Amino acid sequence: MKILFLTPYDNNYRYRSAFSKSLSYMPLTMPYLAALTPEEYHAEFCAVDEGVQKVSYEKLEPYDIVAITAVTSSVKRGYELAELFRRRGSYIVMGGHHVTLLPDEAAQYADTVLTGPADRVWREFITDYANGAPKKRYDGQPCDIGTVNVIPKRELMAKRKYIGVPTVIANFGCTNKCEFCVINSFWGGRHTMRKVEDVIEEIRSLKKKRILFLDPSPTSNRVYAKAFYEALIPLKIKWAGLCTTDIYKDEELFDLMIRSGCIGILMGFETFSEESLRESNKRNTVEQYKAVVEKFHQNGVTILGTFMIGFDGDTRESIRKMPDYIEEIGVDIPRFAILTPYPNTPTFERLSTEGRILSRDWNDYDSIHAVFQPKNCTQRELEEMLAEVSNECYTFRRIRRRALKNKYGGLIKFAVNIGFRMYNKKVAKTLAKH
Ligand code: SF4
Numbered sequence: 017m018k019i020l021f022l023t024p025y026d027n028n029y030r031y032r033s034a035f036s037k038s039l040s041y042m043p044l045t046m047p048y049l050a051a052l053t054p055e056e057y058h059a060e061f062c063a064v065d066e067g068v069q070k071v072s073y074e075k076l077e078p079y080d081i082v083a084i085t086a087v088t089s090s091v092k093r094g095y096e097l098a099e100l101f102r103r104r105g106s107y108i109v110m111g112g113h114h115v116t117l118l119p120d121e122a123a124q125y126a127d128t129v130l131t132g133p134a135d136r137v138w139r140e141f142i143t144d145y146a147n148g149a150p151k152k153r154y155d156g157q158p159c160d161i162g163t164v165n166v167i168p169k170r171e172l173m174a175k176r177k178y179i180g181v182p183t184v185i186a187n188f189g190c191t192n193k194c195e196f197c198v199i200n201s202f203w204g205g206r207h208t209m210r211k212v213e214d215v216i217e218e219i220r221s222l223k224k225k226r227i228l229f230l231d232p233s234p235t236s237n238r239v240y241a242k243a244f245y246e247a248l249i250p251l252k253i254k255w256a257g258l259c260t261t262d263i264y265k266d267e268e269l270f271d272l273m274i275r276s277g278c279i280g281i282l283m284g285f286e287t288f289s290e291e292s293l294r295e296s297n298k299r300n301t302v303e304q305y306k307a308v309v310e311k312f313h314q315n316g317v318t319i320l321g322t323f324m325i326g327f328d329g330d331t332r333e334s335i336r337k338m339p340d341y342i343e344e345i346g347v348d349i350p351r352f353a354i355l356t357p358y359p360n361t362p363t364f365e366r367l368s369t370e371g372r373i374l375s376r377d378w379n380d381y382d383s384i385h386a387v388f389q390p391k392n393c394t395q396r397e398l399e400e401m402l403a404e405v406s407n408e409c410y411t412f413r414r415i416r417r418r419a420l421k422n423k424y425g426g427l428i429k430f431a432v433n434i435g436f437r438m439y440n441k442k443v444a445k446t447l448a449k450h
C-alpha cells in the first residue's frame with residue numbers, strides 16, 4: 017500500500033522570502049498519520065508540504081491513497097490536487113480543519129472524508145480500505161490520542177526546509193470558546209492530553225536540547241500542565257510554546273514553566289479593547305498585558321504576541337494606536353491578522369446572519385484579506401490598516417527599541433524580526449495590487 021500525504025499551499029506561501037526558514041516549523045499531522053497506519057499493511061509513505069516544497073507531481077510514482085489535510089485558505093488547492101490524483105487513479109481521502117467544518121463540500125472531491133482528529137478513524141479507514149470497503153465518511157470524535165502512545169514519523173518530512181528545532185505536541189484541543197477559533201470546532205471543545213511519560217520519552221528520543229511545543233492551549237488543564245513542566249525539568253531543555261495571558265494568575269505554574277526551560281512564548285493578546293474581547297469571548301485582561309510580558313522578560317523569555325483587527329469595537333483610530341500599545345507592553349515579536357470568520361464557526365454564523373459575509377472564496381480566508389463587512393470601515397480600508405500597522409511595527413527603529421527592551425532572544429529573535437519585516441512588505445505589496 018503506497019500512501020502520499022499532502023499539505024497544500026495557501027495564499028501566504030506567496031509571501032515567503034529568503035528568511036522563510038526562520039518562520040517555518042515542521043507540522044506533525046502527516047508524521048502522525050503515518051505513525052498511526054497499522055503496521056500489518058506494510059505501507060510505504062511519501063509526504064509533501066507545499067508550504068515549503070515545490071514538487072513536480074508528474075514525476076511522482078502512482079499512489080494507492082492520497083491523503084490531503086487542509087485549512088480553509090489551502091482547501092481550494094487541496095481540491096485541485098484531489099482532482100489531479102483522482103485522474104491518476106489514486107483513492108482520495110481528505111481531512112483537517114476546513115474539511116471538518118464543511119464535510120459535504122469536501123465530499124465532492126474526496127472518496128472519503130475524515131472529520132475531527134484522525135487518530136482513531138485513520139486506522140479504521142486504512143483497515144476498511146485494505147478490506148475493500150472504505151466508508152464515505154468517518155467522524156473522529158471522541159479520539160483516543162491521549163491513551164495511545166504514538167511517535168510521529170518525522171523522518172518523512174523534508175527536515176532541512178524547517179527550523180532545526182523539532183516540534184512536539186503534548187496536548188490537543190482547547191476548552192476555551194473564543195468565537196473566531198477553529199480549534200474548538202475541530203476538537204469538539206475537548207482538551208485531550210497525552211500521558212506525561214509518553215511525551216517525555218518522545219522528547220528524550222529526539223536528542224535535542226531545544227523543542228517547539230505546538231499545543232494550542234497547554235495550560236488549560238493546570239494539574240496536567242504542572243505535572244508536565246515538572247517532568248520536563250530534569251531534561252534540561254529549552255523550549256518555546258503557546259500560553260494564554262491568564263498565566264499571571266498561577267504563580268506555581270509560572271514558576272514551573274520557567275524552571276522547565278521556557279525561553280519563548282506565543283501569546284494571543286488579539287486586542288486592547290475590552291469590548292472586542294467580550295465580542296470574541298476571549299478571556300484576556302488588558303490591564304495585565306504589560307505585567308505578564310514583564311514577568312516573562314524578567315525570566316529571560318521572548319514573547320511573540322498575536323493581534324487581530326476587524327472586531328466591531330475597532331475603529332481606524334484604535335487600530336492605528338496598536339503599534340504604540342504593543343511597544344508599551346513590550347511584546348518582542350508582534351504579528352497581526354485580520355479577523356477571519358472561518359465557515360461554521362460562531363463568528364461566521366453571526367456575520368452571516370447579519371448579511372456581512374462578502375466573500376466565500378476560501379483562498380481569501382488567509383487572515384490577510386478582509387472577507388466580511390467591518391463595522392467601522394470598508395473591507396479595503398481594513399486590509400490597508402493591516403499593512404500599515406504591520407509595517408509600522410517592523411520599522412528598524414521599532415525593532416531596535418524592542419531589542420533594547422529585552423536583551424534575551426539574540427540572533428534568533430533578530431532573524432525572526434527581519435523575516436517578518438520582509439514578509440510584511442510582500443503582504444503590503446500584494447494587498448496594494450488586490
Ligand atoms: S484560547 Fe486559543 S485555542 Fe483556545 S479557543 Fe481561544 S484562540 Fe482557540
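Just so you know, we're using this note's numbering here: the sequence shown kicks off at 17 and counts up by one. Even glycine gets a Cβ: it sits at the ideal position worked out from N, Cα and C. No experiment lies behind these values; they were computed from the predicted model shown.
Neighbourhood of Q157 by C-beta, 6 Å cutoff - its chain only, sequence neighbours within 5 removed: Cβ neighbours of Q157 beyond the five flanking positions: G132, G204.
Buried or exposed by the 16-neighbour rule on C-beta atoms within 10 Å, applied to L293: By the neighbour-count rule (16 or more Cβ atoms within 10 Å), L293 is buried.
DSSP three-state assignment for K211, whether helix, strand or coil: Shown here, K211 sits in coil according to DSSP, grouped into three states, outside any helix or strand.
Between the CA atoms of E195 and K177 - distance to the nearest angstrom: Cα to Cα, the separation comes out at about 34 Å.
Through-space distance from N27 to P78, alpha-carbon basis: Rounded to whole angstroms, the separation of the alpha carbons of N27 and P78 is 27 Å.
Alpha-carbon spacing of I354 relative to H58, whole angstroms: Cα to Cα, I354 sits roughly 44 Å from H58.
CA nearest to the CA of R153, picked from I142, I161, T163: Here the closest residue by C-alpha is I142.
Selected residue, minimal CA-CA separation from L20, among S40, A123, L97: The candidate whose alpha carbon is nearest that of L20 is L97.
Closest by C-alpha distance to Q69, when choosing among K442, K311, M42, N187: Closest by C-alpha distance to Q69, out of K442, K311, M42, N187, is M42.
Residue(s) in a DSSP beta bridge with W255: For W255, which the question treats as bridged, DSSP gives the partners I227, C278.
In DSSP terms, what M173 is bridged to: Per DSSP, none; premise fails for M173.
Check your reading: residues with Cβ closer than 7 Å to the ligand SF4 heavy atoms: The chain-ordered list of residues whose CB is nearer than 7 Å to some heavy atom of the ligand SF4 reads C190, N192, K193, C194, C197, I199, N200, P232, S233, T260, G284, K298.
F188, DSSP secondary structure in three states: DSSP places F188 in the strand class (E or B) of the three-state scheme.
At least three beta-carbon pairs within less than 8 Å, the stretch 233 to 242 to the stretch 203 to 223: The stretch 233 to 242, when compared against the stretch 203 to 223, does touch it at the 8 Å Cβ threshold.
Cα-Cα separation, T116 to K193: Rounded to whole angstroms, T116 to K193 spans 17 Å at the Cα level.
Segment limits, alpha helix (DSSP H) that includes L142: The residue asked about is misnamed: residue 142 is Ile in this sequence, not Leu. In the DSSP assignment, I142 falls within the unbroken alpha helix (DSSP H) covering 135 to 146.
Exposure of D377, with buried meaning 16 or more beta-carbon neighbours within 10 Å: D377 counts as exposed, since fewer than 16 other C-beta atoms from the protein chains shown sit within 10 angstroms of its C-beta.
Residue span of the alpha helix (DSSP H) that contains F364, given as start and end: Start and end: 362 to 369.
Counterpart residues of P350 in DSSP-defined beta bridges: According to DSSP, which records beta bridges pairwise, P350 is partnered with G321.
Simplified DSSP state of D377, which is helix, strand or coil: DSSP, reduced to helix, strand and coil, places D377 outside both helices and strands of the structure shown, so it counts as coil.
Segments assigned alpha helix (DSSP H), at least 4 residues, entirely inside the stretch 82 to 128: Those alpha helix (DSSP H) runs which fall completely within the stretch 82 to 128 and span 4+ residues are 91 to 103, 113 to 117, 119 to 122.
Endpoints, the alpha helix (DSSP H) within which I335 is located: Taken as a continuous stretch (DSSP letters only), the alpha helix (DSSP H) holding I335 covers 332 to 336.
T89 vs G67 beta-carbon contact at 8 Å: In the sequence as presented, Thr is not what sits at residue 89; that position holds Ser. No; because the gap between Cβ atoms is not below 8 Å, this pair is not in contact.
Buried or exposed by the 16-neighbour rule on C-beta atoms within 10 Å, applied to G189: Burial check for G189: the Cβ neighbour count within 10 Å reaches 16 or more, so the residue is buried.
Per-residue DSSP class, three states only, for F388: Of the three classes helix, strand and coil, the one that applies to F388 here is strand, per DSSP.
Straight-line gap, R275 to T261 (C-alpha atoms, nearest Å): Cα to Cα, R275 sits roughly 19 Å from T261.
Buried or exposed by the 16-neighbour rule on C-beta atoms within 10 Å, applied to S406: Result: buried.
Which of helix, strand or coil DSSP assigns to T45: Correct three-state label for T45: helix.
Extent of the continuous alpha helix (DSSP H) run through E60: In the DSSP annotation of this structure, E60 is not part of any alpha helix (DSSP H); the continuous beta strand (DSSP E) holding it starts and ends at 60 to 65.
Beta-carbon spacing of V198, Y358 below 8 Å: Taking C-beta atoms as the reference points, V198 and Y358 count as a pair closer than 8 Å.
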